[in-house]
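Student: Got a structure for you, written out below as structure tokens; questions coming shortly.
Protein chains: 4
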Amino acid sequence: MDSKPGTVHDVKAQVSDEALVAKRRGQIIASAVELFSHQGFYRTTIQDVAKKAGVSAGLIYQYVTDKEDVLLLALLSVLESYKQEIPAALEGLSDPLERFVAAIRAYCRVVDQRREATVLAYRSTKSLPDDRRQLIKDCEIETNGMIAACLANCIKAGLMRDVNVELVTYQLVTFAHSWALKHWRLKELCDLEQYIAEGLDFFAQALLTPKGRRQWEALSTTTIC
Amino acid sequence: MDSKPGTVHDVKAQVSDEALVAKRRGQIIASAVELFSHQGFYRTTIQDVAKKAGVSAGLIYQYVTDKEDVLLLALLSVLESYKQEIPAALEGLSDPLERFVAAIRAYCRVVDQRREATVLAYRSTKSLPDDRRQLIKDCEIETNGMIAACLANCIKAGLMRDVNVELVTYQLVTFAHSWALKHWRLKELCDLEQYIAEGLDFFAQALLTPKGRRQWEALSTTTIC
Amino acid sequence: MDSKPGTVHDVKAQVSDEALVAKRRGQIIASAVELFSHQGFYRTTIQDVAKKAGVSAGLIYQYVTDKEDVLLLALLSVLESYKQEIPAALEGLSDPLERFVAAIRAYCRVVDQRREATVLAYRSTKSLPDDRRQLIKDCEIETNGMIAACLANCIKAGLMRDVNVELVTYQLVTFAHSWALKHWRLKELCDLEQYIAEGLDFFAQALLTPKGRRQWEALSTTTIC
Amino acid sequence: MDSKPGTVHDVKAQVSDEALVAKRRGQIIASAVELFSHQGFYRTTIQDVAKKAGVSAGLIYQYVTDKEDVLLLALLSVLESYKQEIPAALEGLSDPLERFVAAIRAYCRVVDQRREATVLAYRSTKSLPDDRRQLIKDCEIETNGMIAACLANCIKAGLMRDVNVELVTYQLVTFAHSWALKHWRLKELCDLEQYIAEGLDFFAQALLTPKGRRQWEALSTTTIC
DNA sequence: TATGAATGAGTGTTCATTCAT
DNA sequence: CATGAATGAACACTCATTCAT
Chain C
1 MDSKPGTVHD VKAQVSDEAL VAKRRGQIIA SAVELFSHQG FYRTTIQDVA
51 KKAGVSAGLI YQYVTDKEDV LLLALLSVLE SYKQEIPAAL EGLSDPLERF
101 VAAIRAYCRV VDQRREATVL AYRSTKSLPD DRRQLIKDCE IETNGMIAAC
151 LANCIKAGLM RDVNVELVTY QLVTFAHSWA LKHWRLKELC DLEQYIAEGL
201 DFFAQALLTP KGRRQWEALS TTTIC
Chain V
1 MDSKPGTVHD VKAQVSDEAL VAKRRGQIIA SAVELFSHQG FYRTTIQDVA
51 KKAGVSAGLI YQYVTDKEDV LLLALLSVLE SYKQEIPAAL EGLSDPLERF
101 VAAIRAYCRV VDQRREATVL AYRSTKSLPD DRRQLIKDCE IETNGMIAAC
151 LANCIKAGLM RDVNVELVTY QLVTFAHSWA LKHWRLKELC DLEQYIAEGL
201 DFFAQALLTP KGRRQWEALS TTTIC
Chain Z
1 MDSKPGTVHD VKAQVSDEAL VAKRRGQIIA SAVELFSHQG FYRTTIQDVA
51 KKAGVSAGLI YQYVTDKEDV LLLALLSVLE SYKQEIPAAL EGLSDPLERF
101 VAAIRAYCRV VDQRREATVL AYRSTKSLPD DRRQLIKDCE IETNGMIAAC
151 LANCIKAGLM RDVNVELVTY QLVTFAHSWA LKHWRLKELC DLEQYIAEGL
201 DFFAQALLTP KGRRQWEALS TTTIC
Chain X
1 MDSKPGTVHD VKAQVSDEAL VAKRRGQIIA SAVELFSHQG FYRTTIQDVA
51 KKAGVSAGLI YQYVTDKEDV LLLALLSVLE SYKQEIPAAL EGLSDPLERF
101 VAAIRAYCRV VDQRREATVL AYRSTKSLPD DRRQLIKDCE IETNGMIAAC
151 LANCIKAGLM RDVNVELVTY QLVTFAHSWA LKHWRLKELC DLEQYIAEGL
201 DFFAQALLTP KGRRQWEALS TTTIC
């Protein structure tokens, strides 16, 4: 119920009614993500965002201090959606390998759903002043932590080699992001599920121990995907 | 002598003396890459570029039609440097695995040398209008082709599994780019050479056939890396 | 009970309860004088005034038609305080010279008490549209009239030379105002009472007849000032 | 030849050609003084100033950093004109009383010539940020110094009483300013020369010693004024 | 060729004012 | 009566681009 640091709630509004703030920010962010993703941050004017959100330009400044704040809010909303999807996908799963696969798959799918927004994050994080950019980095590190935990679990269970967890996590994360970043080309090579399948296979080869490999085969035959 | 597609020569200058054009563009591009990399495209003014290049603002428009042209030129100069480094690194090598390793290593090193510029490419390509962006994509595809060729060679020689070459190429390329994109975090985990070593090991595990693996071991013991 | 010209009552309110109107306007004007004096009229927003007055911005517009009306009200309240202090200081005095001295002294003291507000009046009267500015001028003329009357009395009594009453009145008024307008410098030269004493001495020299001069000496020795 | 502190030259231009800077600033300041005087600083837009000056809005920002800088420049130009007129009027005069009279008269005349601008100075100095306002104060102090010197000379020559020079200087200065500040009323009482004459008579009465008075009479009969 | 002064359209932001509740 | 969220016109300032020299 409390607003945690590094979340959307950090940006202070001049309006006190919390429900209204949530609603308005929702409108603003949705429009902003859409427009920033397509036209870029600098080519999008606040008036554009306002018009698309169906509000006046002045209103935006009651919920945000800066145009840059709109960007921050937009980026955080994207990263936050990552942070929500992954735990949801892991719910009920206990097998390390299953959790690993579910996490990667969930990540890739949310990237796919928010493809433009993911590209936005890559393009525009550097447009933020240092302090606000830090919020983004913190959020990214947190998400990565979820992937890293799945990986570490597999290693602890003797299913994967003892690799540098954080480095490999970056490989995994980057693999998911690439679906958005290079979609203009990748979409001609395969669809999302094939991309995930190929990727998982690739990572399996790279990471699994013989023991892990046996479980993996079992998993592959029982799971329909 | 002919202007090839996807190269610097596509942007038309108002000045006829080719040597002068090359010199002036050199000045302009160098300043632009520097400034765009640090402050971003939109935060950098043409006057900034002019001042840093030691020329007048008006002069720039005799060698370029647009501010966007400056960006295009800057990005192409970065991508071109990739295209030059890789063949140079492969020169004299004939063993498929050696060529593969050399290509990856060369790529990572150029990325490291032009880290800011690499980030710039990610941030700013979308700031170009579609037609000019295509030039960038073409250039990227060409570079990827070099990596892909090395990979394909290894497969043909039975040293690597028969994976989807283009997909895996993207993994390799992305791995190199990540050094720049995530440098703020990666630099705290390892230095460039460790990053390359870990990566090569990872890809080896993922790709090598038993035969390839034997050669790889041999390679690892003979080569100091 | 009737609204007199040149007073606060000219500005029409949308609220009928007169007592409430007086109370609300009191709040608003007090905040406005304070804020306008310190930050100036244009740098002060209606929201600032509302917040300081502890009311909502909307409420102000039920007691005022304009932001300019708030300024008018504020200025009038300042000038009105002049108009009240001077007669109060003269009460019970009948000697022309004593009344003259008392009037000047009272004027200087109100100016001192409302120093910022006096400066405000100088700065901001011109910000009013002509018709409203006229109200201010009327008010100022009325106050000047009190000083002028004291001066005229001294002349009629043969205590002062037969000068142009209105012109000298302006000198006297200006002398009082200067304490506020040039306070940044004057405060380093003397305190208020010294300022008054020096001024009175100066005006005495300039105005008194030989007869007046004798009375003045007498006054000076009996009165502690 | 060097730019002295506290003068117009303090505001830095982006244009290097000094003659051009002088010319452009002349245009800008002239328009600004005119417009600020009539409509006030806040009611005047930079576009207004630009249009009246016959230049583009953007141009102004090559010669000025701020709208506030335009105000500073305008105010300084007014105060500077005071500083020039007074010494010019004193040239060739050596008699202390003559110099005193000439100084006051010159001051009043320049105030009359730049009546609106003088009012502007009173209204708008407080609109400047503290550091820039200091420049104005410095300039004012300098001008006052000229008057004060004339006054001090008369005292030293035994022509005037030994009053507090700086305080009386403020009275003299304020007298001149009042012609502008209260012109709406004063112009109905007398014209400028009468105003000056009455004022000089008043100050003479207040300040002259018997010796000074004798010289004054002589002066009055010989000088046509 | 090169310069750099000039342009003016474009945009983030503010704030007086309104009005539904 | 009072509130305060919403509006939208207004304005300072920037900067890509031009063009006379």
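Protein chains in written order, with the UniProt record's numbering: chain C, 1 to 225; chain V, 1 to 225; chain Z, 1 to 225; chain X, 1 to 225. Note that CB positions come from ideal geometry on N, CA and C, so glycine has one too.
(1) Under three-state DSSP, which class holds L189/V?
(2) Using the C-alpha atoms, what's the distance from E80/Z back to R214/Z?
(3) In the DSSP assignment, find the alpha helix (DSSP H) that holds V55/C and state where it starts and stops.
(4) Using only CA atoms, which one of G40/C, I104/C, D17/C lies nearest to A148/C?
(5) Since G40/Z meets chain X, which of its residues come closer than 7 Å, beta carbon to beta carbon?
(6) Do you know offhand how far T169/V's Cα is from Q27/V's?
(7) Taking a contact to mean a Cβ-Cβ separation below 9 Å, would you say V15/V touches Y63/V in this structure?
(8) What would DSSP say about L93/V, mapped onto helix, strand or coil?
(9) Between F36/V and T44/V, is the Cβ-Cβ spacing less than 9 Å?
(10) Give a yes or no on whether 9 Å exceeds the smallest Cβ distance from N164/C to chain V.
(11) Return the CA-CA distance between L20/V and S127/C, expressed in angstroms with no decimal places.
(12) For D17/V, decide whether its Cβ has a neighbour in chain C, counting only Cβ atoms nearer than 9 Å.
(13) Classify L208/Z as helix, strand or coil using the three-state DSSP reduction.
(14) Do you know offhand how far residue 244/Z's Cα is from L76/Z's?
(15) Count the other CB atoms within 10 Å of the CB of E217/C; is the residue buried (16 or more) or exposed (fewer)?
(16) If we ignore side chains and look at the alpha-carbon of each, how far apart do E116/C and R24/C end up?
(17) Under 9 Å Cβ-Cβ, which residues of chain V neighbour Q47/C?
(18) Would you mind telling me which residues of chain V sit closer than 8 Å to Y134/C, beta carbon to beta carbon, in chain order?
(19) State buried or exposed for D69/X, treating a residue as buried only when at least 16 other CB atoms are found within 10 Å of its CB.
(20) Name the chain X residues whose beta carbon is nearer than 8 Å to that of L189/Z?
(21) Pull out every residue of the UniProt domain "HTH tetR-type" (22-82) of chain C whose Cβ sits closer than 7 Å to any Cβ of chain V, in chain order.
(22) Strictly below 8 Å CB to CB, what residues from chain Z border S178/X?
(23) Chain V partners of R105/C, CB-CB under 9 Å?
(24) I need the boundaries of the alpha helix (DSSP H) containing A117/Z, first residue and last residue.
(25) Report all residues from its chain with a CB closer than 8 Å to the CB of A30/C; omit the five preceding and five following residues, and keep chain order.
(26) For H177/C, count neighbouring Cβ atoms within 10 angstroms of its own Cβ and tell me buried if that reaches 16, exposed if not.
(27) How many Å lie between A50/Z and Y122/X at the Cα?
(28) Does the Cβ of W184/X have 16 or more other Cβ atoms within 10 Å, making it buried, or fewer, making it exposed?
(29) If you check the beta carbons only, do L219/X and V101/X fall under 9 Å apart?
(30) Using 10 angstroms around the beta-carbon of K211/V, count the other beta-carbons present and answer buried if the total reaches 16, otherwise exposed.
(31) Report, in whole angstroms, the separation of the C-beta atoms of I136/V and T125/V, which I expect to be a contact under 8 Å.
(32) Between which two residues does the alpha helix (DSSP H) holding D138/V run?
(33) Please go through the same chain and pick out, in chain order, the residues whose beta-carbon is closer than 6 Å to the beta-carbon of M146/X, but skip the five residues on each side of it.
(34) In this structure, does DSSP put D112/Z in helix, strand or coil?
(35) Check the Cβ-Cβ distances between F202/X and every residue of chain Z, and say whether any is below 9 Å.
Tutor: On the basis of the supplied data:
(1) Taking the second sequence and counting its residues from 1, one reaches residue 189/V at position 189. Of the three classes helix, strand and coil, the one that applies to L189/V here is coil, per DSSP.
(2) Stepping through the third sequence from its first residue, residue 214/Z is reached at position 214. Stepping through the third sequence from its first residue, residue 80/Z is reached at position 80. In a straight line, the C-alpha of R214/Z is about 35 Å away from that of E80/Z.
(3) As a working mapping, residue 55/C is identified with position 55 in the first sequence. First-last for V55/C: undefined, no H or E at that position.
(4) Your numbering for residue 148/C matches position 148 in the first sequence. Restricting attention to G40/C, I104/C, D17/C, the CA atom closest to the CA of A148/C is found in I104/C.
(5) As a first step, residue 40/Z must be located in the third sequence, where it is residue number 40. Within chain X, the residues near G40/Z are K126, S127.
(6) Residue numbering aside, residue 169/V sits at position 169 when the second sequence is read from its first letter. Residue numbering aside, residue 27/V sits at position 27 when the second sequence is read from its first letter. Approximately 34 Å, taken between the alpha carbons.
(7) Stepping through the second sequence from its first residue, residue 15/V is reached at position 15. Stepping through the second sequence from its first residue, residue 63/V is reached at position 63. The answer is yes: Cβ separation under 9 Å.
(8) Locating residue 93/V in the second sequence gives position 93, counting from the first residue. Three-state result, L93/V: coil.
(9) Here residue 36/V corresponds to residue number 36 of the second sequence, with the count starting at 1. Here residue 44/V corresponds to residue number 44 of the second sequence, with the count starting at 1. Against a cut-off of 9 Å, the Cβ pair of T44/V and F36/V comes out as a contact.
(10) Here residue 164/C is taken as the residue at index 164 of the first sequence, counted from 1. Chain V contact via Cβ: present.
(11) Residue numbering aside, residue 20/V sits at position 20 when the second sequence is read from its first letter. Residue numbering aside, residue 127/C sits at position 127 when the first sequence is read from its first letter. Approximately 35 Å between the Cα atoms of the pair.
(12) Residue numbering aside, residue 17/V sits at position 17 when the second sequence is read from its first letter. Not closer than 9 Å to any Cβ of chain C, the Cβ of D17/V fails to qualify, so no.
(13) Against the third sequence, residue 208/Z aligns to sequence position 208. Strand, per DSSP.
(14) Here chain Z covers residues 1 to 225 and nothing more, so residue 244/Z does not appear.
(15) Against the first sequence, residue 217/C aligns to sequence position 217. E217/C counts as exposed, since fewer than 16 other beta carbons sit within 10 angstroms of its beta carbon.
(16) Here residue 116/C corresponds to residue number 116 of the first sequence, with the count starting at 1. Here residue 24/C corresponds to residue number 24 of the first sequence, with the count starting at 1. Going from the Cα of E116/C to the Cα of R24/C covers about 22 Å.
(17) For the purposes of this step, residue 47/C is identified with residue 47 of the first sequence, where counting begins at 1. Under the 9 Å cutoff, chain V gives no residues; its nearest Cβ is about 17 Å from Q47/C.
(18) Here the question's residue 134/C lines up with position 134 in the first sequence. It is Gln, not Tyr, that sits at residue 134/C in the sequence shown. Result: empty, since nearest Cβ-Cβ is about 10 Å, beyond 8 Å.
(19) Within the fourth sequence, numbered from 1, the residue matching residue 69/X stands at position 69. When all chains shown are included, D69/X counts as buried.
(20) Locating residue 189/Z in the third sequence gives position 189, where the first residue counts as 1. N164, E166, L167, listed in chain order.
(21) G40, Y42
(22) To locate residue 178/X, count along the fourth sequence from 1; it is residue 178. Those are Y170, Q171, T174, listed as they occur along chain Z.
(23) Taking the first residue of the first sequence as 1, we reach residue 105/C at position 105. Result: empty, since nearest Cβ-Cβ is about 17 Å, beyond 9 Å.
(24) The residue labelled residue 117/Z in the question sits at position 117 within the third sequence. Note, A117/Z: alpha helix (DSSP H), 115-124.
(25) Taking the first sequence and counting its residues from 1, the one referred to as residue 30/C is at position 30. A53.
(26) Within the first sequence, the letter at position 177 stands for residue 177/C. With 16 or more other Cβ atoms within 10 Å, it is buried.
(27) Counted from its first residue, the third sequence places residue 50/Z at position 50. Counted from its first residue, the fourth sequence places residue 122/X at position 122. Answer to the nearest angstrom: the Cα atoms are 28 Å apart.
(28) The residue given as residue 184/X occupies position 184 in the fourth sequence. Counting Cβ neighbours within 10 Å, W184/X comes out exposed, since fewer than 16 surround it.
(29) To locate residue 219/X, count along the fourth sequence from 1; it is residue 219. To locate residue 101/X, count along the fourth sequence from 1; it is residue 101. Closer than 9 Å, so yes.
(30) For the purposes of this step, residue 211/V is taken as residue 211 along the second sequence, with counting starting at 1. Burial call: exposed.
(31) Within the second sequence, residue 136/V is the residue found at index 136, counting from 1. Within the second sequence, residue 125/V is the residue found at index 125, counting from 1. About 5 Å; that satisfies the 8 Å criterion.
(32) Counting from one through the second sequence, the residue named residue 138/V turns up at place 138. From DSSP, the alpha helix (DSSP H) with D138/V extends over 130-156.
(33) For the purposes of this step, residue 146/X is taken as the residue at position 146 of the fourth sequence. Within the same chain, M146/X has close Cβ partners I86.
(34) As a first step, residue 112/Z is located in the third sequence; it is residue number 112 there, counting from the start. Of the three classes helix, strand and coil, the one that applies to D112/Z here is helix, per DSSP.
(35) Taking the fourth sequence and counting its residues from 1, the one referred to as residue 202/X is at position 202. Under the Cβ distance rule, F202/X counts among the residues neighbouring chain Z, one pair being separated by less than 9 Å.
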